[in-house]
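Peer 1: Below is a structure I'd like to ask you about.
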Amino acid sequence: VEPASYSSLRAGEAGKLYYIKSSGGTSLFDTPEGSLSFFDLESREETSILDGVSVYETNAKGTKILALSNGSWVIGDAAGKIDAGKAAIPTGSIEVLSDPRAEWAQMLREAWRLNRDYFYDPGMHGVDWPAIWEKYKVFLPHLTTRADFTGVLQAMCGELVVGHSYTFGGDDPSRAQRVPGGLLGADFEVHQGRYRIAKVYGGLNWNPDLRSPLTEPGVDAVAGEYLLSVNGKELRAPDNLYRHFENTSGKIVELTLASSAGGSNSRTVQVVPITSELALRNRDWVEGNVKRVTEATNGRVAYVWVPNTAQQGHEYFKRYFFPQSDREAIIVDERHNGGGQIADYVINILQRPHISYWNFRYGNDLRTPQGSIQGPKVMLIDETAGSGGDLLPWMFRKFDMGTIIGRRTWGGLVGILGYPPLMDGGTVTAPNIAFFTEDGWEVENVGVAPDIEVVQWPKDQAGGRDPQLEKAIEVVMEQLEASPPQEVQRPPYPVKTKP
28 VEPASYSSLR AGEAGKLYYI KSSGGTSLFD TPEGSLSFFD LESREETSIL
78 DGVSVYETNA KGTKILALSN GSWVIGDAAG KIDAGKAAIP TGSIEVLSDP
128 RAEWAQMLRE AWRLNRDYFY DPGMHGVDWP AIWEKYKVFL PHLTTRADFT
178 GVLQAMCGEL VVGHSYTFGG DDPSRAQRVP GGLLGADFEV HQGRYRIAKV
228 YGGLNWNPDL RSPLTEPGVD AVAGEYLLSV NGKELRAPDN LYRHFENTSG
278 KIVELTLASS AGGSNSRTVQ VVPITSELAL RNRDWVEGNV KRVTEATNGR
328 VAYVWVPNTA QQGHEYFKRY FFPQSDREAI IVDERHNGGG QIADYVINIL
378 QRPHISYWNF RYGNDLRTPQ GSIQGPKVML IDETAGSGGD LLPWMFRKFD
428 MGTIIGRRTW GGLVGILGYP PLMDGGTVTA PNIAFFTEDG WEVENVGVAP
478 DIEVVQWPKD QAGGRDPQLE KAIEVVMEQL EASPPQEVQR PPYPVKTKP
C-alpha cells in the first residue's frame, strides 16, 4: 500500500483487512474522512469501497458494511465497490419510540458500572461504591427531565472526589436551537449618541480562524470611525448594537461608516461577520504581552504563552519560542492552560544546555544549540490552568528551572482515555490514569503552588493592568542583572605552523 494515514483497521472475511485511508493526519480525538478500503492478503491488492467515510462497522461475518459517508448512512456488501446513492439508508423516515425514564435508569447504572470498572483506583478512593448505587437509584422514579438526570449523575460521580469526572451531552429535546449572531472583531463606545469604533482587532485574513472583518480589503475600518447604520437601518445609542447582527455570521452585511457622528465622509462597505471574536482577542492579548515584555526589558526577555499541552500548545510554543531564542531570558506564561497531554517537549527545549560556538570569519558566531535560552526563566501560572497545565509547572519546579509566579493551579492530574457513550449520546468519564512519583500521589486535588503569589483582580484587568506579568518582568530582570548568561569571548586564532 502507498504511504497515507490509515485508521480504524478491522478484520473482515478471511484474508481481508479493512481500514480508512486518508491524506490528512489523525489524532487521538479526531479521524478525518477518507476512503474505506480493504487489502486482500492473498492477491496483495487494495480495493476502495466507499469515499468520504469517517466511521464504519462490519457485521459478525464481515460480509456487510455500515458506514457514515459524507454525512449519510450507507449499507452494502463488503466485497466490492458500494454505490453511495443506491445504498443510502433513508434515516429521515425512521421513527424510534423513546422511554426517557427507562433510558435514565439504564444510563445511571451504566455510569456506575463504568466508574466501577474503569476508575484508576480499585478501592474507589475509599468510597463504598455499591452503597453509592443504593443511595442514588432512589431518585430515578422522581426524574422528569434530562437535566434532572444529569444532576443525579453528577452527584453520584462526585462522590469519588476526583478531577476530570465529567458528564455532558445527551438527548435534551428542551434545548433551544441556537441562533448564531455576528461579530465584527472590534470594541465600540458610545459618543455623541452614536457607536464609535474604539479598537479594531487585527487578524490574519489569510487564516479563516483569524479573519478580522473590519480589516479586509475594501473595508479598512479604523478606530475613531462611527457606525451609522446596518443594512440600511440607522443605528443610535442606546439601541442594542448587536441585535442588528443576529443571524448574520457568514453572511454579507452592509455598514455605513463615517468619520464623525454627524455623518461626514460617510461610506458604505460590505463585511462578512464572524461567529466568535475569541481567537482575535486572544491573539491581540498574546501579541500585546510580547510587545509589553519586549519594551519593558529592552528586547532582552522572551515571552511565550502556552494555551494547552495538546496540539495548539505545541504550535504556540514553537511559533513564539524559536523566533525569540536569541534573547537572554524568558517568561513562559501557562495561565489558562487547558491541558491535554504531557508537555515534556516544552521542558526539554527550555532545559537545553549550552554546548559550543561556531566561528565565521565574517558576521556573528553561531551557538549550539541555536534554539535555546540560557538565562533566567520565569513561569506564570493561575487557578484556571489544569491537567497538563498542572504538570507543566510541576516539571518546571522538579528540574529547578526558575521562579513560578501567580496563583495555585487547578489540581487535576488524573486522566481520561475514552469510554463508550451512553445510549442517548451523552458521556460520562471515569478517570482511568493517575499521576504518582517516588514521593507518592501528587498534584491531584492539590495543584501546584507559586513561589511568589500574585492575585489578578478584575479591577486591575479592567484597567488594562496585568499584575502577574508585571511581577514576572520585575523578577526576571532582577535575576538577569544578578546572573546574566555567560558570554564567551572568541579565542585567538590558532597558529599551526612553526616559525
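Residues in the sequence shown are numbered from 28 upward in steps of one, following our numbering.
For every residue, glycine included, the Cβ atom is placed at its ideal position computed from N, Cα and C.
Please read these numbers as outputs of a predicted model, since none were measured by experiment.
Is A489 near the ligand ADP, going by C-beta to nearest heavy atom under 8 Å?
Peer 2: In the structure shown, the ligand ADP is absent, as is every other ligand, since no ligand is present at all.
Peer 1: Count the C-beta pairs between the region 33-43 and the region 77-95 that are closer than 8 Å, then say yes if the count reaches three, no if not.
Peer 2: yes
Peer 1: Which residues in the same chain have their Cβ closer than 8 Å to the Cβ of G251, if we skip the five residues on either side of it in sequence?
Peer 2: To locate residue 251, count along the sequence shown from 1; it is residue 224. Closer than 8 Å at Cβ, skipping near neighbours: R223, I224 and S286.
Peer 1: Please classify P149: is it buried, with 16 or more other beta-carbons within 10 angstroms of its beta-carbon, or exposed?
Peer 2: On the sequence shown, residue 149 is found 122 positions in, with the first residue counted as 1. Under a 10 Å Cβ-count criterion, P149 is classified as exposed, with fewer than 16 other Cβ atoms of the shown protein chains found around its own Cβ.
Peer 1: Sort V481, L282 and K486 by Cα distance to S293 and report the nearest one.
Peer 2: As a working note, residue 293 is residue 266 in the sequence shown. Answer by Cα proximity: L282.
Peer 1: Would you check if the distance between the CB atom of T242 and the CB atom of G212 is smaller than 9 Å?
Peer 2: Here residue 242 is taken as the residue at index 215 of the sequence shown, counted from 1. Here residue 212 is taken as the residue at index 185 of the sequence shown, counted from 1. Yes.
Peer 1: Within a Cβ cutoff of 7 Å, which residues of the same chain sit near V296, ignoring the five residues on either side of it in sequence?
Peer 2: Position 269 of the sequence shown, counting from 1, holds the residue named residue 296. Closer than 7 Å at the Cβ level, and outside the excluded window around V296, lie G245, V246, L282 and L284.
Peer 1: Return helix, strand or coil for T456, following the three-state DSSP convention.
Peer 2: Taking the sequence shown and counting its residues from 1, one reaches residue 456 at position 429. Note: T456 maps to coil in three-state DSSP.
Peer 1: Going by C-alpha distance, which of S399, L305 and P157 is nearest Y228?
Peer 2: By one-based count along the sequence shown, residue 228 stands at place 201. For the residues S399, L305 and P157, the minimum Cα distance to Y228 belongs to L305.
Peer 1: What residue range is occupied by the uninterrupted alpha helix (DSSP H) comprising A509?
Peer 2: Counting from 1 along the sequence shown, the entry for residue 509 is found at position 482. For A509, the uninterrupted alpha helix (DSSP H) segment begins and ends at P494 to A509.
Peer 1: Straight-line CA distance for W156 to Y372?
Peer 2: Sequence index remark: in the sequence shown, residue 156 carries index 129 (1-based). Sequence index remark: in the sequence shown, residue 372 carries index 345 (1-based). Cα-Cα distance, rounded: 39 Å.
Peer 1: Between the region 67-82 and the region 43-50, can you find at least three pairs of beta-carbon atoms closer than 8 Å?
Peer 2: Yes, the region 43-50 is in contact with the region 67-82.
Peer 1: Determine the burial state of P30: buried for a count of at least 16 other Cβ atoms within 10 Å of its Cβ, exposed for fewer.
Peer 2: Counting from 1 along the sequence shown, the entry for residue 30 is found at position 3. Label assigned to P30: exposed.
Peer 1: Taking 8 Å as the threshold, find out whether the region 126-146 comes into contact with the region 441-452 through three or more Cβ pairs.
Peer 2: Under the 8 Å Cβ criterion, the region 126-146 counts as touching the region 441-452, having at least three qualifying pairs.
Peer 1: What residue ranges within the region 383-434 form continuous beta strand (DSSP E) runs of no fewer than 3 residues, ordered along the chain?
Peer 2: 383-385, 393-395, 404-408 and 430-433
Peer 1: Inspect the beta-carbon positions of G277 and V299 and report whether they are closer than 9 Å.
Peer 2: Translated into the one-based positions of the sequence shown, residue 277 becomes position 250. Translated into the one-based positions of the sequence shown, residue 299 becomes position 272. In contact: G277 and V299 (Cβ atoms closer than 9 Å).
Peer 1: Using DSSP with H/G/I as helix, E/B as strand and the rest coil, what is S50?
Peer 2: The count along the sequence shown starts at 1 and reaches residue 50 at position 23. Three-state result, S50: coil.
Peer 1: Can you tell me which of V333, N325 and A264 puts its alpha carbon nearest to the alpha carbon of V217?
Peer 2: Here residue 217 is taken as the residue at index 190 of the sequence shown, counted from 1. Looking at the Cα atoms, A264 is the closest of the given residues.
Peer 1: Identify whether K162 lies in helix, strand or coil by the three-state DSSP scheme.
Peer 2: As a first step, residue 162 must be located in the sequence shown, where it is residue number 135. If DSSP states are grouped into helix, strand and coil, K162 belongs with the helices.
Peer 1: Buried or exposed for R517, please, with buried defined as at least 16 other CB atoms from any protein chain shown within 10 angstroms of its CB.
Peer 2: Stepping through the sequence shown from its first residue, residue 517 is reached at position 490. Classification of R517: exposed, given that the 10 Å Cβ count is below 16.
Peer 1: Kindly indicate which three-state DSSP category T171 falls into: helix, strand or coil?
Peer 2: Residue mapping note: residue 171 aligns to position 144 of the sequence shown, counting from 1. DSSP places T171 in coil when its eight states are reduced to three.
Peer 1: Pairs of beta-carbons, one from the region 154-170 and one from the region 183-191, closer than 8 Å: are there three or more?
Peer 2: yes
Peer 1: When you compare only the Cα positions, how much space is there between P350 and L268?
Peer 2: Here residue 350 refers to the residue found at position 323 when the sequence shown is read from its first residue. Here residue 268 refers to the residue found at position 241 when the sequence shown is read from its first residue. Distance between the alpha carbons of P350 and L268 is about 40 Å.
Peer 1: Report the rounded CA-to-CA distance for N391 versus A509, giving the unit in angstroms.
Peer 2: Taking the first residue of the sequence shown as 1, we reach residue 391 at position 364. Taking the first residue of the sequence shown as 1, we reach residue 509 at position 482. Roughly 26 Å between the two C-alpha positions.
Peer 1: Output yes or no for whether 9 Å exceeds the beta carbon distance between V405 and V482.
Peer 2: Taking the sequence shown and counting its residues from 1, the one referred to as residue 405 is at position 378. Taking the sequence shown and counting its residues from 1, the one referred to as residue 482 is at position 455. Not a contact, by the Cβ cut-off of 9 Å.
Peer 1: Please report the distance separating the alpha-carbon of D266 from that of L255.
Peer 2: The residue you call residue 266 lines up with position 239 of the sequence shown. The residue you call residue 255 lines up with position 228 of the sequence shown. One C-alpha to the other measures close to 12 Å.
Peer 1: Measure the beta-carbon distance from E471 to L444 and round it to whole angstroms, keeping in mind my assumption that it falls under 8 Å.
Peer 2: Position 444 of the sequence shown holds residue 471. Position 417 of the sequence shown holds residue 444. That belief does not hold up - the Cβ atoms of E471 and L444 are roughly 16 Å apart, past 8 Å.
Peer 1: So, for W437: in the same chain, excluding its five sequence neighbours on each side, which residues have a beta-carbon less than 8 Å away from its beta-carbon?
Peer 2: By 1-based counting over the sequence shown, the position of residue 437 is 410. Once the five neighbours on either side are set aside, the close Cβ partners of W437 are G190, E410, T411, A412, G413, S414, G416, D417 and G474.
Peer 1: When the Cα of I369 is compared with those of R346, T324, I460 and G467, which residue comes out closest?
Peer 2: Counting from one through the sequence shown, the residue named residue 369 turns up at place 342. Considering only alpha carbons, the answer is I460.
Peer 1: Among the residues of its own chain, which have a CB less than 8 Å from the CB of T321, if the five just before and after it don't count?
Peer 2: The sequence position of residue 321 within the sequence shown is 294, counting from 1. Sequence-distant Cβ neighbours of T321 in its own chain, meaning closer than 8 Å and more than five residues away, are V328 and Y330.
Peer 1: Report the residue from F146, R379 and T395 whose alpha carbon sits nearest the alpha carbon of Y193.
Peer 2: What you label residue 193 is simply residue 166 of the sequence shown in a count that begins at 1. Out of F146, R379 and T395, the CA that lies nearest to the CA of Y193 is found in F146.
Peer 1: Is the beta carbon of G429 less than 9 Å from the beta carbon of Q506?
Peer 2: Reading the sequence shown from its first residue, position 402 is the one you call residue 429. Reading the sequence shown from its first residue, position 479 is the one you call residue 506. Going by C-beta atoms, G429 is nearer than 9 Å to Q506.
Peer 1: Count the other CB atoms, across all protein chains shown, that sit within 10 Å of the CB of V206; report buried if there are 16 or more and exposed otherwise.
Peer 2: For the purposes of this step, residue 206 is taken as residue 179 along the sequence shown, with counting starting at 1. So V206 ends up on the exposed side.
Peer 1: Is the CB-CB distance between F348 and I357 below 9 Å?
Peer 2: Numbered from 1 along the sequence shown, position 321 holds the residue referred to as residue 348. Numbered from 1 along the sequence shown, position 330 holds the residue referred to as residue 357. Going by C-beta atoms, F348 is nearer than 9 Å to I357.
Peer 1: Among R319, N325, N375 and W468, whose alpha-carbon lies nearest the alpha-carbon of F344?
Peer 2: Walking along the sequence shown from the start, residue 344 turns up at place 317. Closest by alpha carbon: N375.
Peer 1: Name, in chain order, the residues that DSSP records as bridge partners for V257.
Peer 2: In the sequence shown, counting from the first residue as 1, residue 257 sits at position 230. Per DSSP, K260 and L282.
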